[in-house]
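J.:
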Amino acid sequence: MTDQELIQELVKKQIISETDATKVLREAELAEVPAEEILYSKRLANEVSVAKIKSALTGAPYKKIDAAAIPAELLKLIPKDVSENYRVAPIEKKDNTLIVGMLRPDNERAQEALRFIAKRERVSLGVYIVTPSDLALVWRRYQPYKDEIASAIKELDVETDDRNIVLLDEGMHSAEDAPIIKIVASTLQHGVEMLASDIHIEPQRTYLRVRFRVDGELREVASIPSVLSQPVISRIKVLAKLRLDETRVPQDGRFRTMIAAREIDFRVATFPTPSGEKVALRVLDSSTGLKGLKEIGLSDYNFKFVDAAANAPFGMILISGPTGSGKSTTLYAVMQRLNTDEVNIVSLEDPVEYYMNGINQSQVRPEIGYTFASGLRQILRQDPDVIMVGEIRDEETASLSVNAALTGHVMLSTIHTNNAVGVIPRLVDLKVPPFLLASSLNLMLAQRLVGQLCPDCKKQEEAGPDLQKIIRSEIEELPEEIKIGVKKKFGENKYSVYHPSSGGKCPTCKGKGTKGRIAIFEVFRMTRELGDLIMSQFTEGKLWDEAHRQGMITLRQDGILKALEGKVLIEEVLRETE
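Under this note's numbering, the first residue of the sequence shown carries the number 1315, and numbering increases by one thereafter.
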């Protein structure tokens, strides 16, 4: 297969024009490089299309390589210098056959090198055509530097698993302390088992109250004699490495432990009261707290907009909502989606909720002058691709965030507004020039958390007349493509909703009727029309008109759709979106 044959086939398939074909062949000849390289550098054809045409010309099948799945032992069969020089890579070894990928299977020198390797290993050869990008991913797997580091660490005999895990039963050998240690350990374990997001240990006048926040609601789970208040609080302070002799001012700390074979982080905050120190523990379970974009409640319709904004080369994604609406969870979901070896993600948080491998997380400390604004200036010197700032609270942070988005960074943050449309007026209030918003903002997302109906005890029933009227009204305002699908799925006249069954004996939800929470969303996109509107004397009414024009599903509409699907309680949706 010659360059001429390849280019002619591309012209025949109408992938490139005759004019481009002539230019490519001329440039390839002058530069003394394969015509493929000119095609890719000028973006005239994608690699897969070219690979499939080469497959048709040579008879070798095309294969997409999963570089991560290639065993390290297999890479040793073809050294990196041979792989790069001849543009070949091992893919897999089946029985007595070595399967390899080749950029040009008709390359005679590459064939000779592979025949030599096959003879040495006493195997036969199978050949696929692969793309340059896939080859480059395989070459990244050759990491002699990593091997050298691992060897040096082994020589030093250094423990590599340093996760600072504390043991809840540490100190149980002391007869005096054992009961207190057991009380604290049992409380924390029970909180994790109950899927509590927070544990409150609160000294009252006559007893020590223990409360769990489950699915957003606080409930008392135990009362402990007041004489044990100080020992219990002290035990928690010991775990979090807080000062035992300081009870007059609040303290913050955290610790990590193992519960039910899972690593659980506890963020600890003390607070002085007349009855003694109160302790609040935030339970940070990465197995439940770190979720993907689909898991947090984004519909397919909204997911495509969020995914497109996250994968844009630059621009801001701002998430709005009140305290406790799940904004941080959504930020972590976006960061997880972007978290690869090729992307440098740096975050400024207050505080760091979940530690995520591969992300450079930093906690602001306003008391020493390390604020979101000052930290953001430093982040820009860290060669970031993606920046996450926990919250835009002031004019300086807003200005720096916008400038970061304009200079080639993906910028993630939260802002306090009632809805997605309110983000724009809020940024203008923070003295961001309107003409910069059209260029820097990609997406505005608002959310609320509502209880998720228990799948095992929910029951379907026809909505009452008032609810029917509300549902029909909201469905009529949906984007046309969604409205057609909703009417086809749920009908046009009578709608059914779901409620927990009576009795309260469901073992799945322990009689609550709900199990966990799910977010409802509205997604407002930056469009050319919205940019023009921002540049004029916009009003909130005009912004809502633009949101309707671009097909935004409101918080209430998203909640009603989830209620029709039996995911949430419609009364809670209406209450949260009033």
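Cβ coordinates follow ideal geometry from the N, Cα and C atoms, glycine included. Since this is a predicted model, take the numbers as computed values, not measurements.
Residue 1396: which of 1406, 1427, 1370 sits nearest, CA to CA?
T.: Stepping through the sequence shown from its first residue, residue 1396 is reached at position 82. Of 1406, 1427, 1370, the residue nearest in Cα terms is 1427.
J.: Which runs of the beta strand (DSSP E), 3 residues or longer, sit entirely within the stretch 1738-1812?
T.: Those beta strand (DSSP E) runs which fall completely within the stretch 1738-1812 and span 3+ residues are 1755-1767, 1772-1776.
J.: Please report the Cβ distance between residue 1531 and residue 1525, rounded to the nearest whole angstrom; I am assuming they are in contact, meaning their Cβ atoms lie under 8 Å.
T.: On the sequence shown, position 217 is the one that residue 1531 refers to. On the sequence shown, position 211 is the one that residue 1525 refers to. Not a contact, Cβ separation roughly 10 Å.
J.: Beta-carbon separation of residue 1734 and residue 1758 under 8 Å?
T.: Looking up residue 1734 in the sequence shown gives position 420. Looking up residue 1758 in the sequence shown gives position 444. Cβ atoms of residue 1734 and residue 1758: closer than 8 Å.
J.: Scan the stretch 1472-1544 and note each continuous beta strand (DSSP E) run of 3 residues or more that stays entirely inside, going in chain order.
T.: 1512-1517, 1521-1528, 1531-1539, all fully within the stretch 1472-1544.
J.: Measure how close the beta-carbons of residue 1335 and residue 1321 come, nearest whole angstrom, since I'm counting them as under 8 Å.
T.: On the sequence shown, position 21 is the one that residue 1335 refers to. On the sequence shown, position 7 is the one that residue 1321 refers to. Going by Cβ atoms, the distance from residue 1335 to residue 1321 rounds to 5 Å, so yes, they are a contact pair.
J.: By the three-class DSSP mapping on this structure, what secondary structure does residue 1592 have?
T.: Position 278 of the sequence shown holds residue 1592. Reduced to three states, the DSSP call for residue 1592 is strand.
J.: Just to confirm my understanding: we take residue 1375, look at its own chain, exclude 5 residues before and 5 after, and list those with CB closer than 8 Å. What are they?
T.: As a working mapping, residue 1375 is identified with position 61 in the sequence shown. Correct list, in chain order: 1369, 1442, 1443.
J.: Roughly how many angstroms lie between the CA atoms of residue 1386 and residue 1578, to the nearest whole one?
T.: As a first step, residue 1386 is located in the sequence shown; it is residue number 72 there, counting from the start. As a first step, residue 1578 is located in the sequence shown; it is residue number 264 there, counting from the start. Taking the straight line from one Cα to the other gives about 33 Å.
J.: Give the single residue among 1415, 1447, 1410, 1465 whose Cα lies nearest to the Cα of residue 1438.
T.: Reading the sequence shown from its first residue, position 124 is the one you call residue 1438. It is 1410.
J.: What residue from 1407, 1356, 1453 has the CA that sits closest to residue 1382's CA?
T.: Mapped onto the sequence shown, residue 1382 falls at position 68. Residue 1453 is the option with its Cα nearest to residue 1382.
J.: Determine the burial state of residue 1805: buried for a count of at least 16 other Cβ atoms within 10 Å of its Cβ, exposed for fewer.
T.: The count along the sequence shown starts at 1 and reaches residue 1805 at position 491. Label assigned to residue 1805: exposed.
J.: At 3 residues or longer, and completely inside the stretch 1360-1443: list those beta strand (DSSP E) runs for me, N to C.
T.: Listed in chain order, the complete beta strand (DSSP E) runs (minimum 3 residues) inside the stretch 1360-1443 are 1402-1408, 1411-1416, 1438-1443.
J.: My parser needs the alpha helix (DSSP H) runs of 4 or more residues fully inside the stretch 1858-1892; what are they?
T.: Taking only runs of at least 4 residues, the alpha helix (DSSP H) segments lying wholly in the stretch 1858-1892 are 1869-1878, 1884-1890.
J.: Thinking just about the alpha-carbon of each residue, which of 1509, 1850, 1589 is nearest to the one in residue 1541?
T.: Your numbering for residue 1541 matches position 227 in the sequence shown. Minimum Cα distance to residue 1541 is reached at 1589.
J.: When the Cα atoms are used, what is the spatial distance from residue 1684 to residue 1705?
T.: As a first step, residue 1684 must be located in the sequence shown, where it is residue number 370. As a first step, residue 1705 must be located in the sequence shown, where it is residue number 391. Cα to Cα, residue 1684 sits roughly 14 Å from residue 1705.
J.: Residue 1820 to residue 1536, Cα distance in whole Å?
T.: Mapped onto the sequence shown, residue 1820 falls at position 506. Mapped onto the sequence shown, residue 1536 falls at position 222. Distance between the alpha carbons of residue 1820 and residue 1536 is about 22 Å.
J.: Are there 16 or more other CB atoms within 10 angstroms of the CB of residue 1529, so buried, or fewer, so exposed?
T.: By 1-based counting over the sequence shown, the position of residue 1529 is 215. Flag for residue 1529 reads buried.
J.: For the pair the stretch 1771-1780 and the stretch 1788-1802, tell me if three or more CB-CB distances fall below 8 Å.
T.: The stretch 1771-1780 vs the stretch 1788-1802: no contact.
J.: Tell me, please, whether the stretch 1866-1876 touches the stretch 1638-1656 by the rule of three or more beta-carbon pairs shorter than 8 Å.
T.: At 8 Å Cβ cutoff, the stretches do not touch.
J.: Here's the rule: buried if 16 or more other CB atoms are within 10 angstroms of the residue's CB, otherwise exposed. What is residue 1599?
T.: Within the sequence shown, the letter at position 285 stands for residue 1599. It is buried - the Cβ of residue 1599 has at least 16 other Cβ atoms within 10 Å.
J.: In chain order, which continuous runs of the beta strand (DSSP E) of length 3 or greater are located wholly inside the stretch 1623-1658?
T.: Within the stretch 1623-1658, the complete beta strand (DSSP E) runs of at least 3 residues are 1629-1634.
J.: Jot down the residue ranges of each uninterrupted beta strand (DSSP E) in the stretch 1690-1745, minimum 3 residues, whole runs only, in chain order.
T.: Counting only runs of 3 or more, we get 1700-1703, 1724-1729.
J.: According to DSSP, which residues form a beta bridge with residue 1677?
T.: Locating residue 1677 in the sequence shown gives position 363, counting from the first residue. BP columns for residue 1677 point to 1663.
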